[in-house]
Amino acid sequence: MEWAWLIPALSFIAFPLVIIFGRWLPLKGALISVAAIAAGFALFWVVAAGRIGAGVTDTDVFRIEWFQAGGITANWGMIVDPLSVMMLGLVSLVALCVQVYSLGYMKGDPRFGWYFAAHSLFAASMLTLVLADNLLLLYIAWELVGLCSYLLIGFYFERRSAAEAAKKAFVTTRIGDVGLLIGVLLLWKTVGTFDIPTILQQAEFLLHGEPSLLTTTTATWAAVLLFMGAMGKSAQFPLHVWLPDAMEGPSPVSALIHAATMVVAGVFLVGRMFGLFEAAPLSLLIVASIGMVTVIVSGLIGLVVTDLKRILAYSTINDLGLMMLSLGAWGFTAGLFHMLTHGFSKAMLFLGAGNVMHGTGGKVDIREMGGLRRVMPFTAATFAIGALSLAGIPIFAGFWSKDEIVGSVFHGHLYGAQAIFFILLMVMVFIKALFMARAYFVPFTGKLSEENQHHAHEAPLSMRVPMALLAFLAVTAGFLAIGWGGGYQGFGSFLFHDKPHAFEFNWALAALSTVVALAGVVLGWMFYYQHSLSSQRMMERFPAVHKFLNNKMYLDDLYQWVIDHVALVLGRFIAVFDRAIINDVGVNGTADSVKLSADRLRYHITGRVYNYALGVAVGAVAVAIAWWILGTRV
């Protein structure tokens with residue numbers, strides 16, 4: 005297990021090597037990046053074997069001192085526990101698949117080497133984040149993840165839309181990161197350390213009513229502030245607006261961001277610090293409520309989006325909302341398990357979207373597609389697997405994790421609001437299945453256009469092999485939930501053996517959620533395949549609703565209005581105040597007054613004795629007169 009640090013270190017080393025020596029190496033050094041993450045994935049199995057051999061429910065911490073100053077001790081350390089092992093496997097596997105896929109997808113790009121260098125830094129940053137044993141190191145890795153997302157979303161920076169999307173992602177996530185930083189400092193001020201195990205130990209003392217450095221109020225504020233950071237990275241309402249625009253980056257980048265790095269960082273943070281949230285139950289209700297709102301907003305908007313990658317982006321936001329909803333309902337095992345199954349399925353779906361763009365000359369509007377399964381059968385088949393998995397259809401991986409989310413909400417601690425959350429969740433299960441059906445039926449079934457018939461083609465083998473592996477996992481990863489002895493405790497006992505509601509399979513809930521999901525798929529089949537129902541007629545019948553959803557509920561317009569009429573106006577006022585008051589009066593004014601006083605006073609310093617003698621005489625006379633007047637009055 006002590007070798008775990010090598011997994012991110014290899015990709016960190018690959019980053020400068022590709023930049024410095026890539027121009028002289030085959031494929032511009034891309035093979036260094038691929039080899040580094042492949043070696044990291046191989047090391048994952050070594051670390052996992054060590055973790056299981058040592059007892060899967062234990063936690064091991066390995067650290068060396070970084071610096072000590074002013075009572076602050078900072079370490080380079082890592083936590084090797086079931087959660088970090090799971091994340092190491094997810095991140096390294098998906099990153100490896102994406103990089104192998106990119107060898108074919110990015111072929112011929114003028115910045116081919118830089119693309120793989122940034123990929124290495126991205127993977128290394130995320131791997132460091134999941135291993136970090138203290139909040140300071142976690143925060144550094146957290147910001148590196150944000151930097152890499154900025155670089156890769158804006159990879160085609162010569163396009164204005166890509167440059168704007170990169171800035172939007174960077175600025176929006178910074179809003180949440182301010183909360184995260186304040187939360188980290190609050191915990192350090194209260195507990196006196198950045199060490200995660202120590203903080204969680206104090207939270208456990210508070211939870212059980214034992215003496216603790218934390219109070220319920222402090223724990224609640226700290227948990228909410230940490231969740232603000234998670235809201236930004238994991239695109240939770242209202243900080244979700246950056247993720248759809250992040251589709252401006254290359255499709256493999258979208259696969260990596262959506263499946264294993266940027267957006268799952270927030271969910272991981274809540275999972276890592278769950279003991280703190282557990283000690284502050286109000287914070288969990290906030291997490292669940294934000295997650296539910298995110299699910300509703302993304303599900304409804306996803307019904308009308310026509311850009312294939314943006315449909316998948318809203319699907320990601322929807323699934324992230326489900327993860328947060330489950331965590332907030334104390335169903336953390338279900339939420340984290342869904343992060344795993346979603347990662348495999350969503351990575352494959354984005355790579356499938358990349359195949360479509362690659363084979364159709366860059367098309368992303370599903371209305372310009374149709375019938376692509378005839379010329380792209382492999383992509384159509386794997387895309388269908390991913391869509392069925394995320395729609396929650398048995399026996400695909402997403403079914404098992406989605407079913408556990410349903411169970412966690414049904415049994416959850418939601419201050420008596422379980423019924424409301426459960427009903428809303430069932431509605432959104434239906435809508436999610438409907439728009440995943442739309443994402444498949446519209447581009448892959450129906451009439452094949454003459455242009456696509458002559459020009460569309462299947463992706464090369466180098467791009468299909470990673471997708472085949474991810475498709476296999478999208479079908480089978482759900483069976484991790486089943487223990488070797490046949491019990492439904494496998495994943496739950498590995499990840500959180502001591503937590504409530506790990507896995508309690510409920511056949512009635514499973515049947516209900518499956519029927520609801522199948523109803524959504526069937527309705528999608530009637531709308532977009534059989535055409536017995538007309539989506540166009542629905543849009544004409546409810547034009548205001550369609551316009552509202554098509555404009556993303558005007559949330560982006562609202563933010564732009566606030567920026568134009570509040571932020572910029574306030575900024576101009578602050579700029580004028582800074583120049584006129586702070587600068588001219590406060591700084592320059594003080595300096596000018598001192599200079600003016602010095603200019604006036606310098607005339608009494610002449611260097612001539614008779615001038616000084618006159619001054620002494622006048623002074624003596626003035627003192628005598630003053631003494632005489634005062635003496636007379638007394």
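Just so we're aligned, residue 5 is where the sequence shown starts under the numbering used here, counting upward by one. Glycine included, each C-beta is placed from N, C-alpha and C at the ideal position.
Residue from Ala421, Met373, Pro398 and Leu418 with nearest C-alpha to Tyr444: Translated into the one-based positions of the sequence shown, residue 444 becomes position 440. Cα-wise, what sits closest to Tyr444 is Met373.
C-beta atoms of Asn510 and Gly411 nearer than 7 angstroms: Taking the sequence shown and counting its residues from 1, the one referred to as residue 510 is at position 506. Taking the sequence shown and counting its residues from 1, the one referred to as residue 411 is at position 407. Yes, these two residues count as a Cβ contact at 7 angstroms.
Residues that Arg67 bridges to, as DSSP identifies them: Sequence index remark: in the sequence shown, residue 67 carries index 63 (1-based). Paired residues: Gly81.
Nearest candidate by alpha-carbon position, reference Ala283, set Leu211, Thr337, Arg276 and Val309: The residue you call residue 283 lines up with position 279 of the sequence shown. For the residues Leu211, Thr337, Arg276 and Val309, the minimum Cα distance to Ala283 belongs to Leu211.
Unbroken stretches of the beta strand (DSSP E), 3 residues or longer, contained in the region 148 to 191: none
Cut-off 8 angstroms between Cβ atoms - residues of its own chain near Gly303, not counting five sequence neighbours on either side: Mapped onto the sequence shown, residue 303 falls at position 299. Tyr318, Asn322, Met432, Ile435, Lys436 and Phe439, listed in sequence order.
Residue span of the alpha helix (DSSP H) that contains Arg545, given as start and end: In the sequence shown, the residue the question calls residue 545 occupies position 541. Note, Arg545: alpha helix (DSSP H), Ser539 to Arg545.
Three-state secondary structure assigned by DSSP to Asp603: Start at 1 with the first residue of the sequence shown, and residue 603 comes out as number 599. In this structure, Asp603 counts as helix in the three-state DSSP scheme.
Three-state class that DSSP yields for Gln205 in the structure shown: Looking up residue 205 in the sequence shown gives position 201. Three-state DSSP puts Gln205 in a helix.
Own chain residues within Cβ distance below 7 angstroms of Ser349, not counting five before or after: Here residue 349 corresponds to residue number 345 of the sequence shown, with the count starting at 1. So the list reads Gly390, Ser393, Leu394, Ala401, Gly402 and Ala478, once near-sequence residues are dropped.
Closest residue to Leu286 among Lys171, Gly420 and Gly363 (Cα-Cα distance): On the sequence shown, residue 286 is found 282 positions in, with the first residue counted as 1. Closest by alpha carbon: Gly420.
Three-pair Cβ contact test at 8 angstroms for the region 208 to 223 versus the region 147 to 162: Contact between the region 208 to 223 and the region 147 to 162 is absent, because fewer than three Cβ pairs lie under 8 angstroms.
Whole runs of the alpha helix (DSSP H) within the region 375 to 443, excluding any shorter than 4 residues: 381 to 395 and 401 to 415
Gly489 (DSSP reduced to helix, strand or coil): Sequence index remark: in the sequence shown, residue 489 carries index 485 (1-based). Here the model assigns Gly489 a pLDDT of 35, short of 50, so the residue's position is not dependable, and the following value carries that caveat. Coil, per DSSP.
Euclidean distance between Cα positions of Leu97 and Gln103: The count along the sequence shown starts at 1 and reaches residue 97 at position 93. The count along the sequence shown starts at 1 and reaches residue 103 at position 99. Straight-line Cα distance between these residues: approximately 10 angstroms.
Buried versus exposed call for Gly491 [16 or more other C-beta atoms within 10 Å across all chains shown]: For this step, residue 491 is matched to residue 487 along the sequence shown. Residue placement at Gly491 is poorly supported in this model, since its pLDDT is 43, which falls under 50; the coordinates still yield a value, given next. That one is exposed.
Nearest to Asp199 (by Cα), restricted to the options Ala515, Met327, Met361 and Ile76: Numbered from its first residue, the sequence shown carries residue 199 at position 195. Out of Ala515, Met327, Met361 and Ile76, Ile76 has the C-alpha closest to the C-alpha of Asp199.
Leu21 versus Gln540 - alpha carbon distance: Within the sequence shown, numbered from 1, the residue matching residue 21 stands at position 17. Within the sequence shown, numbered from 1, the residue matching residue 540 stands at position 536. Rounded to the nearest angstrom, the two C-alpha atoms are 53 angstroms apart.
Val308: CB within 6 angstroms of a non-hydrogen atom of the ligand SAM: In terms of ligand content, the structure shown is empty, and the ligand SAM therefore cannot be addressed.
Euclidean distance between Cα positions of His550 and Val301: In the sequence shown, counting from the first residue as 1, residue 550 sits at position 546. In the sequence shown, counting from the first residue as 1, residue 301 sits at position 297. Straight across, the Cα-Cα distance linking His550 with Val301 is about 14 angstroms.
Gln72 - partner residues in DSSP beta bridges: Against the sequence shown, residue 72 aligns to sequence position 68. Looking at the DSSP assignment, Gln72 forms a beta bridge with Thr77.
Boundaries (first-last residue) of the alpha helix (DSSP H) holding Arg276: Here residue 276 refers to the residue found at position 272 when the sequence shown is read from its first residue. Its alpha helix (DSSP H) spans residues Met266 to Arg276.
Buried or exposed by the 16-neighbour rule on C-beta atoms within 10 Å, applied to Pro256: The residue you call residue 256 lines up with position 252 of the sequence shown. Buried is the call here.
Residue nearest to Leu191 in terms of C-alpha spacing, selected from Arg178, Leu574, Ala571 and Gln205: Here residue 191 is taken as the residue at index 187 of the sequence shown, counted from 1. For the residues Arg178, Leu574, Ala571 and Gln205, the minimum Cα distance to Leu191 belongs to Gln205.
C-beta contact flag for Phe19 and Ser129 at 7 angstroms: Numbered from its first residue, the sequence shown carries residue 19 at position 15. Numbered from its first residue, the sequence shown carries residue 129 at position 125. No, Cβ-Cβ distance for Phe19 and Ser129 is not below 7 angstroms.
Contacts around Phe241, its chain only, beta-carbon distance under 7 angstroms, and the 5 residues preceding and following it disregarded: Walking along the sequence shown from the start, residue 241 turns up at place 237. These residues qualify, in order along the chain: Ile294, Val297, Thr298 and Val301.
Beta-carbon gap between Ala239 and Leu229 smaller than 7 angstroms: As a first step, residue 239 must be located in the sequence shown, where it is residue number 235. As a first step, residue 229 must be located in the sequence shown, where it is residue number 225. Their beta carbons are not under 7 angstroms apart, which means Ala239 does not touch Leu229 by this criterion.
Span of the alpha helix (DSSP H) around Ser453: Residue 453 sits at position 449 when you count from the first residue of the sequence shown. Segment: none, Ser453 is in no alpha helix (DSSP H) and carries neither H nor E.
Integer-rounded CB distance, given that Thr222 should sit under 8 angstroms from Thr194: Mapped onto the sequence shown, residue 194 falls at position 190. Mapped onto the sequence shown, residue 222 falls at position 218. The pair is a contact, with the Cβ atoms about 5 angstroms apart (cut-off 8 angstroms).
Three-way DSSP call (helix, strand, coil) for Asn510 in this model: Mapped onto the sequence shown, residue 510 falls at position 506. Three-state DSSP puts Asn510 in coil, outside helix and strand.
Exposure label - Val185; buried when at least 16 CB within 10 Å: On the sequence shown, residue 185 is found 181 positions in, with the first residue counted as 1. One detail in the question is off: residue 185 reads as Leu in this sequence, not Val. Answer is buried; the Cβ neighbour count reaches 16.
Contacting residues, own chain, Cβ-Cβ under 6 angstroms from Pro504 (five flanking each side not counted): As a working note, residue 504 is residue 500 in the sequence shown. In this prediction, Pro504 scores a pLDDT of 45, lower than 50, which makes its location untrustworthy; no coordinate-derived value is stated.
Host alpha helix (DSSP H) of Arg576 (start-end): Reading the sequence shown from its first residue, position 572 is the one you call residue 576. Leu572 to Phe581 is the span of the alpha helix (DSSP H), which, as asked, contains Arg576.
Proximity of Leu513 and Phe414 at Cβ, strictly below 7 angstroms: Here residue 513 refers to the residue found at position 509 when the sequence shown is read from its first residue. Here residue 414 refers to the residue found at position 410 when the sequence shown is read from its first residue. Contact: yes.
For Gly2, the nearest candidate out of Ser15, Met430 and Phe48 (CA to CA): The chain is shown only over 5 to 638; residue 2 falls outside these bounds and no answer can be derived.
Cutoff 7 angstroms; reference Ile633; Cβ partners in own chain excluding five residues on either side: Locating residue 633 in the sequence shown gives position 629, where the first residue counts as 1. Only residues of its own chain outside the window of five on either side were considered, and among them none has a CB closer than 7 angstroms to the CB of Ile633.
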